[in-house]
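Comments concern the structure below.
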Amino acid sequence: MADAQLQLAALPAAEGRRAEQVMAAVRAALDAGVMRPGVKYSVYQLADALQVSRTPVRDALLRLEEIGLIRFEARQGFRILLPDPREIADIVAIRFALEPPAAGRAAAVCGPPLADRLAERMELLRRAAARGDEPGFAAHDLLLHDHILEAAGNNRARRIVRSLRESTRLLGGITADRSRTMSDIDAEHQPVVDAVIANDPAAAAAAMRTHLTSTGRLLVAQAVRDQDSPLDAAAVWAEAVGANTELP
Numbered sequence: 003m004a005d006a007q008l009q010l011a012a013l014p015a016a017e018g019r020r021a022e023q024v025m026a027a028v029r030a031a032l033d034a035g036v037m038r039p040g041v042k043y044s045v046y047q048l049a050d051a052l053q054v055s056r057t058p059v060r061d062a063l064l065r066l067e068e069i070g071l072i073r074f075e076a077r078q079g080f081r082i083l084l085p086d087p088r089e090i091a092d093i094v095a096i097r098f099a100l101e102p103p104a105a106g107r108a109a110a111v112c113g114p115p116l117a118d119r120l121a122e123r124m125e126l127l128r129r130a131a132a133r134g135d136e137p138g139f140a141a142h143d144l145l146l147h148d149h150i151l152e153a154a155g156n157n158r159a160r161r162i163v164r165s166l167r168e169s170t171r172l173l174g175g176i177t178a179d180r181s182r183t184m185s186d187i188d189a190e191h192q193p194v195v196d197a198v199i200a201n202d203p204a205a206a207a208a209a210m211r212t213h214l215t216s217t218g219r220l221l222v223a224q225a226v227r228d229q230d231s232p233l234d235a236a237a238v239w240a241e242a243v244g245a246n247t248e249l250p
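To convert a position in the sequence shown, counted from 1, into this note's numbering, add 2.
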C-alpha cells in the first residue's frame, strides 16, 4: 500500500511516447511538490493518477531508476530519491570529455552556414532570457550545444550528450535561476560561439571547458545543498573530472 495520496492531471489522449510523457509528469510533480522524496508510491497508483496503463509507467520508472531518481521497493512500490551529487558530477564529467574537443573540431570546419546558425541560436537564447522563459531558454541551450556537436561530425557523441542532458534534466539538474541567471549562462556561451565562428579550435575548446566546469561545479553544489550532504562539492567535482584535468 502506498504511503501517500497522489493527485495528478491525466496525460493527454493524443498518441506519443507514453513512457517519456510519464517521466516528464513525474519530474513536473516533483518540481511542483506533488510528489516528494522519501515518500512511497506505487506503480498502480501512478498509472491510475495519469490514466494510462501500467506498462508505460513501469518503462518510465525503469528509466528513472537507471538514472538514480527512484528506487523500487517490494510490492510494486517505489520511492523518489534526491539526486546523488556524485551521479550529477559523473554525468557532467562525461560531457566535459566530449564537448570541448567537439567545439574545437567545429571551429576548424566552421563556415558561413554554421556561423549564421550559431548566431541565430544565440539571439534566441538572449530573447528567452530577456522574457524569463526558462523552458524556451533550456531548449535553445540544448540546440546550441547540439549544433556544435553536429558540426564536429561525431554522431555517437551527439547522441550521448543528448541522453546525458536529458538525464540531468530529469534529476532536476538545472542551474538557471537557482545558482546563476539565464543571462549568466548566455554570457558563458558567447566565447564558445565567438571562437567557433573565428575558426579558433583551441579557444573554442577552452571556452567550452570553462562553461562546462561552471555548470558541473554549480550542479554538484546544488545537489550537496539539496541533500544537506556532508560531501565536499569541490572534491566530488574534482574526482569526477580527474585529478590531472586542467580546470579553468
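Glycine included, each C-beta is placed from N, C-alpha and C at the ideal position.
- Between Leu8 and Ser44, the alpha-carbon positions lie close to 10 Å from each other.
- Beta-carbon to beta-carbon, Leu127 and Leu146 are separated by about 7 Å, close enough to satisfy the 8 Å threshold.
- Inter-residue distance for Ala130 and Glu136 is about 7 Å (C-alpha atoms, whole angstroms).
- With a 10 Å radius around the Cβ and a threshold of 16 neighbouring Cβ atoms, Pro87 comes out buried.
- Pairing Ala236 with Ile162, the inter-Cα distance amounts to about 25 Å.
- Beyond the five residues adjoining it in sequence on each side, Asn201 comes within less than 8 Å, by CB distance, of Ala109, Ala110, Cys112 in the same chain, given in chain order.
- When DSSP reads this structure, Arg73 sits in a beta bridge with Arg81.
- Scanning the segment 181-217 from its first residue to its last, the whole alpha helix (DSSP H) runs of 4-plus residues come out as 184-199.
- Taking C-beta atoms under 8 Å as the contact rule, Ala140 and Ala207 fail to qualify, at a distance of about 24 Å.
- Residue pairing by DSSP places Ser169 opposite no residue, since no beta bridge is assigned to it.
- Rounded to the nearest angstrom, the gap between the Cα atoms of Arg65 and Val59 is 10 Å.
- Distance between Asp188 and Ala31, taken at the CA atoms: about 28 Å.
- For Ser44, the uninterrupted beta strand (DSSP E) run begins and ends at 42-44, by DSSP.
- By the beta-carbon neighbour count (other beta carbons within 10 angstroms, threshold 16), Val54 is buried.
- Approximately 6 Å separates the beta-carbon atoms of Leu83 and Arg73; this is inside 8 Å, confirming the contact.
- A Cβ-Cβ distance of about 6 Å is found for the pair Leu214 and Glu101, placing them in contact under the 8 Å criterion.
- For Asp92, the enclosing alpha helix (DSSP H) stretches over residues 87-111.
- CA-to-CA, the gap between Asn156 and Arg107 works out to about 10 Å.
- A straight line joining the alpha-carbon of Arg211 with that of Val243 spans about 11 Å.
- By the CB criterion at 7 Å, Ile90 and Leu221 fall inside the cutoff.
- About 5 Å separates the Cβ atoms of Val195 and Leu120, confirming a contact at the 8 Å cut-off.
- In this structure Arg160 touches Leu151 by the C-beta definition: roughly 4 Å separates them, less than 8 Å.
- Annotated three-state conformation of Pro114 is helix, per DSSP.
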